[in-house]
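Quick notes on the structure that follows.
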Amino acid sequence: MSEHGRAWLLNEMTACEVLSLEGGFNNFARALHLSSVGDMLETKGPYTVFAPPDDAFNASTIGLLMSAAKLDEMLRDFIVPGRYPLESLRRLQVIKAASGRYLTISCRDGVEVNGAKIAKPDVPYNKGIIHELLKL
């Protein structure tokens with residue numbers, strides 16, 4: 001599939017579908033799907049999603065969150081209202097997450113969000129954009 005065809009396909013998919021297709025983000029995608037945050041990402045937008053990989057966002061991380069409310073609150077830390085491609089993030093120092101908390105943006109060795117390097121930026125989905133992180 002051409003890069004143009006792939007981008008078109010991803011633009012038609014939900015955030016959870018794109019994360020599952022990308023591979024390595026199944027735990028985060030599953031948590032989104034089980035929470036009200038996943039519904040929010042499918043019905044409103046645009047949003048920027050900072051997706052942690054499976055090795056950082058694992059079953060023990062999810063298991064520490066005893067209630068759906070705690071899971072929703074934590075997931076909102078990875079979601080930012082609005083569409084922020086990598087080039088826009090480079091011009092920012094902080095950005096406000098859907099949880100109300102502020103995320104710190106730094107550009108030392110690539111772009112980092114709260115110390116987590118963006119490994120793959122600007123992955124589109126039907127309501128926004130996903131930045132794949134190396135760690136939490």
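So the sequence shown is residues 1 to 136, counted in this note's numbering. Cβ coordinates follow ideal geometry from the N, Cα and C atoms, glycine included. Everything numeric in this text was worked out from a predicted model, so none of it was measured.
- When secondary structure is reduced to three states using DSSP, A98 falls in the coil class, being assigned neither helix nor strand.
- In this structure, the straight-line span from the alpha carbon of G45 to that of G128 is close to 7 Å.
- Between L133 and A119, the C-beta gap is smaller than 8 Å, which places the two residues in contact.
- Within the DSSP bridge table, the entry for F28 names no partner.
- One thing to note: L21 has its Cβ no nearer than 8 Å to the Cβ of L75.
- In the DSSP assignment, no residue is bridged to S20.
- Between I79 and L89, the beta carbon gap of about 14 Å keeps them out of contact (Cβ cut-off 8 Å).
- For E42, there is no enclosing beta strand (DSSP E); the enclosing alpha helix (DSSP H) has its first and last residue at S36 to T43.
- The Cβ atoms of L19 and A51 lie closer than 8 Å to each other.
- If you look at L133, you'll find it in the beta strand (DSSP E) that goes G128 to L133.
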